[in-house]
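Trainee: I'd like to ask you about the structure that follows.
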Amino acid sequence: MPRHPAASEACYDFCSIGRAFFRRLKPFILLFLLTQFLVRLALSLVSAKDLSFHPADWLAPFFTGIWFDIVTLLPILVVFLLFPLLLPVSWAGKRFDRAVGLSGFAIFLFLMVVQGVSEYFFWDEFTTRFNFIAVDYLVYTQEVIQNIMESYPVVPLLAGIGLLAVGGTYLLRRQVKAGFAPHPPFMKRLAVFATITGMAAAGVLVTPDSITRPMPSAIARELGGNGLYGLVSAFFSNEIDFANFYRTIPEKQAAERTRDLLAEDHEPFESTDLNDITRDIRAEGPMLRKNVILVGMESMSAEFMGTFGNPKRLTPNLDRLASEGLLFTEMRATGTRTVRGLEAIALSVPPTPGQSILRRPGNDNLFTIGSVFQDSGYDTRFLYGGYGYFDNMNAFFSGNGFGIVDRATMAAGDVHFANAWGVSDEDLYDEVIRQADASAKAGKNFFSFVMNTSNHRPFTYPAGAIDIPSPGGRDGAVKYSDYAIGELVKKASAKPWFRDTVFVFVADHTASVAGKVELDMNKYHIPCIIWSQGFVEPRRINRLASQVDIAPSLLALLQASYRSRFFGDDLIEADEPERPVYISNYQKVAMILHGRTTILEPKKQIVQMKGEEVQPESAVDHNAVEDTVAVYQYASHWRDISRRIPSVLDNGTLALGRFGVHRLPNPKRRAPPSRTTPTIPVR
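For the sequence shown, position 235 matches number 300 in the numbering used here, and the numbering has no gaps at all.
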């Protein structure tokens with residue numbers, strides 16, 4: 066006879082209720098796990114060319130994936146269990162219960178298939194599971210839904226999935242109904258519900274994202290995750306506190322090392338304050354007061370251009386401008402999204418983890434490339450082909466002194482073609498010219514920061530513009546983008562302000578960074594061209610660089626004298642030593658220096674790569690590790706160190722060298738001092 070009959074009976078009741086709940090939820094559980102397995106299998110197959118033959122690339126994602134699937138499933142089950150928990154005992158197993166159960170299964174089947182199809186298309190675009198980009202897409206539903214409607218056969222897809230859900234539910238109706246049974250009392254159900262809720266919470270809390278880290282490739286690590294888990298995780302981690310999630314060093318040491326990296330003999334710091342990187346940039350002679358039209362080119366990878374070896378002749382205009390102007394052959398994007406590129410070009414700051422500064426609070430009144438032009442009386446404008454509230458672009462640029470011109474401000478008669486993401490590049494550039502005409506008529510110089518949109522899904526553009534019918538896929542969009550740039554230059558050449566105007570063409574990011582190695586700098590290769598007829602002579606600069614170097618290089622070309630808070634470097638100088646290059650991918654940031662890529666990851670992890678090889682502890686360059694930590698830690702205080710200051714030099718010299726001063730003779734960059742510091746361990 067049992068020594069504790071009451072305890073035994075309670076245990077029996079608990080297990081019995083648990084089995085009853087499991088029978089009710091079994092079809093939902095199996096459906097979820099099967100769907101996630103098939104999604105992972107499908108994504109593995111479409112990425113086969115980027116996976117190695119290493120067994121871990123193919124098998125490990127399925128082993129870690131089942132863990133993420135279960136951890137994701139448990140909170141879903143908690144939601145499902147609310148219905149049987151609250152259902153009156155007298156209704157259990159009756160008509161209403163069965164109707165809700167069958168309807169719920171049909172809806173769940175529909176949503177699971179939609180999730181799988183959505184993950185496939187998201188993977189095709191970004192080669193990642195759902196992340197904070199997907200969160201953004203949920204926020205900006207109007208543009209995204211319109212883009213999806215234009216890019217994919219949404220109505221037939223949803224109709225087909227709906228039929229599949231109804232048909233599947235009908236075929237499985239007996240299995241679904243088999244779980245409906247009379248309920249035990251409420252308090253007993255509540256005990257089981259509380260236990261499962263606790264398991265769900267524990268699963269989320271004890272699951273580190275790092276369990277996929279040992280896998281040999283970035284794609285395998287993505288496959289080993291779960292899209293829904295990633296979506297929810299990203300929702301709560303868009304704003305990342307650097308000190309909490311990344312390796313740090315003492316603040317004083319971080320400031321000293323950062324200033325050492327930025328130091329130049331001919332660009333003295335204004336202050337000995339370690340929290341201030343303001344330097345005096347003094348040009349030789351007066352500023353050349355040129356107008357500037359800077360065009361950010363959507364997703365224009367360097368590999369699309371003939372200049373970089375593409376045989377398809379997609380970019381004849383850019384290739385011509387590259388041969389006639391100043392071409393930076395080794396330019397790298399700092400990130401994978403438009404707002405990251407705009408951030409680097411405008412602010413000349415490294416890509417701090419999480420969202421771009423454009424998306425964060427407190428991003429107004431900062432020191433930007435526009436600040437320098439504004440202090441010299443230029444008209445400064447941000448012109449965007451889409452609606453500028455998307456990604457907070459309008460708020461950022463207007464908060465930093467730019468006038469705003471976007472799709473919402475364009476006259477209806479000036480828009481001849483548009484899709485979900487914006488007006489055609491031709492329409493945008495016509496507006497650029499109209500705004501330039503207005504400034505010239507008022508007797509003012511202008512700086513126009515332009516962002517186009519045509520090289521983006523759904524890859525549609527005006528009929529007859531090029532020989533690839535719309536929608537022309539990526540090749541068609543690239544060729545049309547190039548065609549529109551040619552039209553911009555041709556139309557501008559007829560204007561009186563043309564010969565006093567410098568054009569800058571630079572991509573915001575590449576079309577894809579997918580590959581076997583995470584944060585592979587070759588996947589961030591973008592074109593950057595500075596062109597001005599009769600002013601800029603043909604030249605190639607082959608130094609490795611990133612978008613943070615564009616602002617100081619452009620201002621150097623114009624012989625600018627100004628106070629600077631930029632992190633970037635003047636690439637125009639000859640015989641310059643190698644300088645830091647910054648790239649990032651979502652929550653991971655890296656600095657490239659001396660052939661090594663040092664990567665900072667959440668959970669305070671650090672990896673150092675040389676080529677495609679992870680460096681063992683014995684081969685790590687610890688100075689590079691310390692410098693990388695220092696720069697990103699220092700840059701995480703961007704609200705303070707990049708705060709707007711007057712760009713007029715303290716001695717009364719106006720910004721942009723209006724009265725002119727002289728550079729020190731034979732300027733040489735100061736080499737960083739030799740440093741011996743306690744090493745930071747890397748994994």
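For glycine and all other residues, C-beta sits at the position ideal for the given N, C-alpha and C.
1) Which stretch, first to last residue, makes up the beta strand (DSSP E) that contains T662?
2) By Cβ distance, which residues of its chain are closer than 8 Å to F467, with the 5 residues on each side in sequence left out?
3) Which of the three DSSP states, helix, strand or coil, is assigned to F568?
4) Who are the near neighbours of R194 in its chain, counting only those whose CB is closer than 6 Å to its CB and skipping five residues on each side?
5) Could you pull the start and end residues of the alpha helix (DSSP H) that F173 belongs to?
6) What is the rounded straight-line gap between the Cα of F258 and the Cα of L147?
7) In chain order, what residues of the same chain have a beta carbon less than 6 Å from the beta carbon of T510, not counting five sequence neighbours either side?
8) Can you tell me where the alpha helix (DSSP H) with I591 in it begins and where it stops?
9) Only counting the same chain, and skipping five residues up and downstream in sequence, which positions put a Cβ closer than 8 Å to that of V104?
10) Please give me, in chain order, every unbroken run of the alpha helix (DSSP H) with length at least 4 that falls completely inside the stretch 213-282.
11) On a CA-only basis, which of G427, K668, F455 and F524 is nearest Y311? Give me that one, please.
12) In whole angstroms, give me the CA-to-CA distance for L719 and D341.
13) If I follow the unbroken beta strand (DSSP E) through M458, where does it start and stop?
14) Whose C-alpha, out of V571, I533, K560 and G529, is nearest the C-alpha of N517?
15) Quick check on H590 - is its C-beta less than 8 Å from some C-beta in chain C?
16) Do the CB positions of E666 and I314 come within less than 8 Å of each other?
17) By how many angstroms is the C-alpha of F133 removed from the C-alpha of A85?
18) Counting C-beta neighbours from all protein chains within 10 Å, is the total for C80 16 or more, i.e. buried, or is it exposed?
19) Who are F59's beta bridge partners in DSSP?
20) Which residue or residues does DSSP assign as beta-bridge partners of Y647?
21) Put Q420 into one of helix, strand or coil per three-state DSSP.
22) Rounded to whole angstroms, what is the Cα-Cα separation between T35 and T575?
23) Using C-beta distances below 6 Å, list every residue in its chain close to L391, excluding the 5 sequence neighbours before and after it, in chain order.
24) Take K675 and list the residues in its own chain whose beta-carbon comes closer than 7 Å to its own, dropping the five residues that flank it on each side.
25) Please name the residue or residues paired with S611 in a DSSP beta bridge.
26) Look at the Cβ atom of M352, then the Cβ atom of Q624, and state whether they are nearer than 8 Å.
27) Please classify V613: is it buried, with 16 or more other beta-carbons within 10 angstroms of its beta-carbon, or exposed?
28) Taking P592 as the reference, give the member of L383, A549 and T403 with the closest Cα.
29) Out of curiosity, what's the CA-to-CA distance linking I710 and R644?
30) What does the alpha-carbon distance come out to for the pair E329 and R347?
31) When the Cα of E215 is compared with those of S577, S701 and A483, which residue comes out closest?
32) To the nearest angstrom, report how far apart W35 and L108 are at their CA atoms.
33) Look up V414 in the DSSP assignment and say whether it is helix, strand or coil.
34) Just confirm the distance between the C-beta atoms of L407 and L423, as a whole number of angstroms; I'd bet it's less than 8 Å.
35) Once you ignore the five residues that flank Y589 on each side, which residues in its own chain have a CB closer than 7 Å to its CB?
36) Measure the alpha-carbon distance for G374 versus S366 and round it to whole angstroms.
Mentor: Taking the structure as given:
1) Position 597 of the sequence shown, counted from the first residue, corresponds to residue 662. Run containing T662: R661 to E666, per the beta strand (DSSP E) assignment.
2) Counted from its first residue, the sequence shown places residue 467 at position 402. So the list reads G435, T445, R446, F447 and F514, once near-sequence residues are dropped.
3) Position 503 of the sequence shown, counted from the first residue, corresponds to residue 568. It is a strand residue.
4) On the sequence shown, position 129 is the one that residue 194 refers to. So the qualifying residues of the chain are E287, G290, G292 and G295.
5) Here the question's residue 173 lines up with position 108 in the sequence shown. Counting along the chain, the alpha helix (DSSP H) containing F173 begins and ends at R160 to F191.
6) For the purposes of this step, residue 258 is taken as residue 193 along the sequence shown, with counting starting at 1. For the purposes of this step, residue 147 is taken as residue 82 along the sequence shown, with counting starting at 1. Those two C-alpha atoms are separated by around 8 Å.
7) Residue 510 sits at position 445 when you count from the first residue of the sequence shown. A small fix is needed here, since residue 510 is Asn in this sequence, not Thr. These residues qualify, in order along the chain: R354, N356 and Y443.
8) Here the question's residue 591 lines up with position 526 in the sequence shown. Counting along the chain, I591 falls outside any alpha helix (DSSP H), and DSSP gives it neither H nor E.
9) Mapped onto the sequence shown, residue 104 falls at position 39. Closer than 8 Å at Cβ, skipping near neighbours: Q180, G181, E184, Y185 and G292.
10) 219-236, 238-242 and 251-271
11) Indexing the sequence shown from 1 puts residue 311 at position 246. Closest option to Y311, Cα to Cα, is K668.
12) Indexing the sequence shown from 1 puts residue 719 at position 654. Indexing the sequence shown from 1 puts residue 341 at position 276. Because the pLDDT of L719 is 47, which lies under 50, any placement of that residue in the model is unreliable, and the question is left without a value.
13) Position 393 of the sequence shown, counting from 1, holds the residue named residue 458. Counting along the chain, M458 falls outside any beta strand (DSSP E), though it belongs to the alpha helix (DSSP H) covering M458 to S463.
14) Mapped onto the sequence shown, residue 517 falls at position 452. Comparing Cα positions, the closest option is V571.
15) In the structure shown, chain C cannot be found, because there is only a single protein chain.
16) Position 601 of the sequence shown holds residue 666. Position 249 of the sequence shown holds residue 314. No. Outside cutoff.
17) On the sequence shown, position 20 is the one that residue 85 refers to. On the sequence shown, position 68 is the one that residue 133 refers to. Going by the C-alpha atoms only, they are around 25 Å apart.
18) Within the sequence shown, numbered from 1, the residue matching residue 80 stands at position 15. Exposed, by the Cβ-count rule.
19) The chain is shown from 66 up to 748; residue 59 falls before or after that span and cannot be answered.
20) Stepping through the sequence shown from its first residue, residue 647 is reached at position 582. Bridge partners of Y647: M656.
21) Position 355 of the sequence shown holds residue 420. Coil.
22) For the chain, the structure presents residues 66 to 748; residue 35 sits outside this window and is missing.
23) As a working note, residue 391 is residue 326 in the sequence shown. The answer, listed in chain order, is I595, V601 and R604.
24) Residue numbering aside, residue 675 sits at position 610 when the sequence shown is read from its first letter. The answer, listed in chain order, is G660 and R661.
25) Numbered from its first residue, the sequence shown carries residue 611 at position 546. Answer is R397, bridged to S611.
26) In the sequence shown, residue 352 corresponds to position 287, counting from 1. In the sequence shown, residue 624 corresponds to position 559, counting from 1. Yes, the Cβ-Cβ distance between M352 and Q624 is below 8 Å.
27) Working through the sequence shown from its first residue, we reach residue 613 at position 548. The residue is buried, with at least 16 neighbouring Cβ atoms inside 10 Å.
28) Along the sequence shown, read from residue 1 onward, the residue named residue 592 stands at position 527. Out of L383, A549 and T403, the CA that lies nearest to the CA of P592 is found in L383.
29) Against the sequence shown, residue 710 aligns to sequence position 645. Against the sequence shown, residue 644 aligns to sequence position 579. Here the alpha carbons of R644 and I710 stand approximately 25 Å from one another.
30) Residue 329 sits at position 264 when you count from the first residue of the sequence shown. Residue 347 sits at position 282 when you count from the first residue of the sequence shown. Between the alpha carbons of E329 and R347 lies a distance of about 12 Å.
31) Counting from 1 along the sequence shown, the entry for residue 215 is found at position 150. A483 is the residue among S577, S701 and A483 whose C-alpha sits nearest the C-alpha of E215.
32) Residue numbering for the chain in the displayed model covers 66 to 748; residue 35 lies beyond these limits and cannot be assessed.
33) For the purposes of this step, residue 414 is identified with residue 349 of the sequence shown, where counting begins at 1. Here V414 sits in coil by DSSP.
34) Counting from one through the sequence shown, the residue named residue 407 turns up at place 342. Counting from one through the sequence shown, the residue named residue 423 turns up at place 358. 6 Å between Cβ atoms; contact.
35) In the sequence shown, counting from the first residue as 1, residue 589 sits at position 524. Here the set comprises R397, A398, T575, V578 and I648.
36) Taking the sequence shown and counting its residues from 1, the one referred to as residue 374 is at position 309. Taking the sequence shown and counting its residues from 1, the one referred to as residue 366 is at position 301. So the two alpha carbons sit approximately 12 Å from each other.
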